[in-house]
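Right, one structure below, let's go through it.
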Amino acid sequence: MLYPEGSTGEVRLGLRLIAGLRRDHAEAITESVESSGEFESIDALWARDIKLSKSTLRTLARADTFTSVDLARRPAHWNINSLASHPAPLDKFLTKRSSGHETALPKTSKQHDMFDDYATTGLSLKAHPLQFLRQRLNQRGSYSSERLQSQHGMRVGSRVSTAGLVIARQRPGTAKGVVFITLEDEVGTVNLIIRPDLFQAHQTVIMRSSILVAEGKLERIGEVVYLDVARLESLDHLLVEKAKSAAPYSCG
């Protein structure tokens, strides 16, 4: 990918993506940064005249916002818990009073960070849910999207299985009841075709599941590989198991 001269290629995610963050609070933070410059610590943000609550700061921390001041989720929560109930008049001149680095806190796992990313912003740049399920999927003979695209060791018409995060569902009026689903795993995407009878039999699973495993006939149109699905199963329970096994990050 080519980037404009002087660009680092980085993409900034807007505050509007953060679940639970009020729009007026996001706008107040943005306006404060534009008028007074970037804040150097959580204390500096707390001391600014934008009247954010600790609850709002925790929402920002859970969304991993404070990596901009070199604080991951856990130390950010620790830092927020140590703040005074209300900013003191001189706090704005003591922006580096507490950095959160003094206490060595256990690091959270990549898995837990990923779950928190999805819970707060709907996406993660750290990991993909399928990579934590890949070993179990391999054991049940489910292929990755990359394997299906390469068709290594399989032919068009072969019966195969794949799994992924549901990122799109479409039911065009001109498709005579056929539903099209796009699954995303840690390396790419694969398209599914759901015939009307299968959709009627498994409508709840199809419409409500976050992660699906699909088994069906491998087909190809040009460069596009897809599955004509014969069987579907939700894997959401496995995702819940993984989420429960991840260590909590909160400091209370």
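According to this note's numbering, the sequence shown holds residues 1 to 252 in order.
Positions of the beta carbon are idealized from the N, C-alpha and C atoms, including for glycine.
Everything numeric in this text was worked out from a predicted model, so none of it was measured.
#1: Between the C-alpha atoms of Arg73 and Asp64, what's the straight-line distance to the nearest angstrom?
#2: In the DSSP assignment, find the alpha helix (DSSP H) that holds Ser31 and state where it starts and stops.
#3: Let me confirm a value: Asp117 is counted as buried when at least 16 other C-beta atoms fall within 10 Å, else exposed. Which label applies?
#4: Are there three or more Cβ pairs, one per stretch, closer than 8 Å when the segment 119-131 is compared with the segment 73-85?
#5: Check each candidate in Arg140, Leu238, Gln111 and Leu212 and name the one with the smallest Cα separation from Leu227.
#6: Run the CB neighbour count on Ile194, radius 10 Å, all protein chains shown included, and call it buried at 16 or more, exposed below.
#7: Which full runs of the alpha helix (DSSP H) of 4+ residues lie inside the segment 103-153, going along the chain?
#8: For Leu235, which three-state DSSP category applies?
#9: What residue range is occupied by the uninterrupted beta strand (DSSP E) comprising Thr67?
#10: Suppose contacts are defined by Cβ-Cβ distances below 8 Å. Is Val160 in contact with Leu183 by that definition?
#11: If you draw a straight line from the C-alpha of Leu192 to the C-alpha of His128, how long is it?
Considering the structure as presented:
#1: A straight-line Cα-Cα distance of about 5 Å links Arg73 and Asp64.
#2: The question names Ser, but residue 31 in the sequence shown is Glu. Its alpha helix (DSSP H) spans residues Arg23 to Ser36.
#3: buried
#4: no
#5: Leu212
#6: buried
#7: 110-121, 134-139 and 145-150
#8: Coil at Leu235, not helix or strand.
#9: No beta strand (DSSP E) holds Thr67; DSSP gives it neither H nor E.
#10: In this structure, the beta-carbon distance from Val160 to Leu183 does not fall below 8 Å.
#11: 20 Å
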